[in-house]
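Protein sequence lines, in the order shown, are assigned to chains B and X.
Under my numbering, the first residue of the first sequence is numbered -14, with each subsequent residue one higher.
Under my numbering, the first residue of the second sequence is numbered 3, with each subsequent residue one higher.
Where a beta carbon is used, it is the ideal one built from N, C-alpha and C, also for glycine.
Take a look at the structure below.
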Amino acid sequence: AQTVTQSQPEMSVQEAETVTLSCTYDTSESDYYLFWYKQPPSRQMILVIRQEAYKQQNATENRFSVNFQKAAKSFSLKISDSQLGDAAMYFCAYAGVDSGYALNFGKGTSLLVTP
Amino acid sequence: GAVVSQHPSWVICKSGTSVKIECRSLDFQATTMFWYRQFPKQSLMLMATSNEGSKATYEQGVEKDKFLINHASLTLSTLTVTSAHPEDSSFYICSARDGGQGATGELFFGEGSRLTVL
């Protein structure tokens, strides 16, 4: 079974600064996808960014970018120019063919953004 | 983006009763839906995968007779918590995949349903 590990239960960043959230995963599959989801207090899951394992180029979505290190099985999320609205729980997730591409989530990192 | 609607958003029931939660894809056909459970301040745990027209596949440790999942149409899946007990109190979230996007298509999440069993 695949495991997703987020080693930072909580992180704090000052507004306009940059923060990096860590995620590692364990798998024997070659075809898989990695995701970062944001869950604000409303608890609605919001897709932040998605990375296909076969792509070497790191995915980027505006202020959000990932550092995908396939050999190291690492998938960190960088949030640039942090905004108050970025405060939320962030979940790293894995989806592979063995599980029918169901999302397997890490334990999450709570991000606090201070003015 | 595509919309997935869950109903009810919050339900309170007495111990021993059954509760049904609906998950609807409003503007696409969802061949596959997933049901998750989330305890306070914890992650989402996959309960089961439901494919339209077939029996759901449950994750290890999830009682299929306790959590009945029906996916009878391409736009509706239901989760019924039977004989609910206080330990079943949790936040239940569904997600759906657009069948037209293939097996790796984006998953769209419902708003979640908070179940409180007294």
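Query raised in the report: Which residues of chain B have a Cβ atom closer than 7 Å to the Cβ of Ser45 of chain X, listed in chain order?
Result: Taking the second sequence and counting its residues from 1, the one referred to as residue 45 of chain X is at position 43. Within chain B, the residues near Ser45 of chain X are Phe76, Phe90, Gly91, Lys92 and Gly93.
Report task. Please decide whether Arg26 of chain X counts as near chain B, where near means a Cβ-Cβ distance under 9 Å. Result -> Taking the second sequence and counting its residues from 1, the one referred to as residue 26 of chain X is at position 24. False, the Cβ-Cβ gap to chain B never drops below 9 Å.
Report task. Identify every run of the beta strand (DSSP E) within the segment 41 to 83 of chain X, keeping only runs that are complete inside it and at least 3 residues long; order them along the chain. Result -> Listed in chain order, they are 46 to 53, 69 to 75 and 78 to 83.
Query - Run of the beta strand (DSSP E) containing Asp90 of chain X, from where it starts to where it stops - result: The count along the second sequence starts at 1 and reaches residue 90 of chain X at position 88. Bounds of any beta strand (DSSP E) do not take in Asp90 of chain X, whose DSSP letter is neither H nor E.
Query raised in the report: Cβ of Arg99 of chain X less than 9 Å from any chain B Cβ?
Result: As a working note, residue 99 of chain X is residue 97 in the second sequence. Cβ-Cβ to chain B under 9 Å: yes for Arg99 of chain X.
Query raised in the report: Between Ala74 of chain X and Trp37 of chain X, what straight-line distance do the alpha-carbon atoms span, to the nearest angstrom?
Result: As a working mapping, residue 74 of chain X is identified with position 72 in the second sequence. As a working mapping, residue 37 of chain X is identified with position 35 in the second sequence. Taken atom to atom, the span from the alpha-carbon of Ala74 of chain X to that of Trp37 of chain X is near 15 Å.
Query raised in the report: Since Leu32 of chain B meets chain X, which of its residues come closer than 9 Å, beta carbon to beta carbon?
Result: Locating residue 32 of chain B in the first sequence gives position 47, counting from the first residue. For Leu32 of chain B, the chain X residues whose C-beta falls within less than 9 Å of its own C-beta are Gly3, Glu108, Leu109, Phe110 and Phe111, listed in chain order.
Query raised in the report: Going along chain X in order, which residues have a C-beta closer than 7 Å to the C-beta of Ala44 of chain B?
Result: For the purposes of this step, residue 44 of chain B is taken as the residue at position 59 of the first sequence. One finds nothing in chain X with a Cβ atom closer than 7 Å to the Cβ of Ala44 of chain B; even the nearest lies about 13 Å away.
Requested in this report: Locate the beta strand (DSSP E) running through Phe30 of chain X, then write down its first and last residues.
Outcome: To locate residue 30 of chain X, count along the second sequence from 1; it is residue 28. Taken as a continuous stretch (DSSP letters only), Phe30 of chain X belongs to no beta strand (DSSP E), as it is neither H nor E.
**Report entry** Cross-strand partners of Leu32 of chain B (DSSP beta bridge)
**Finding:** Here residue 32 of chain B is taken as the residue at index 47 of the first sequence, counted from 1. Answer by DSSP bridge pairing, in chain order: B:Tyr22.
**Report entry** Option nearest Asn52 of chain B by Cα separation, candidates B:Thr(-10), B:Leu6, B:Gln(-7) and B:Ser(-3)
**Finding:** One-based indexing of the first sequence puts residue 52 of chain B at position 67. Among B:Thr(-10), B:Leu6, B:Gln(-7) and B:Ser(-3), the Cα nearest to that of Asn52 of chain B belongs to B:Leu6.
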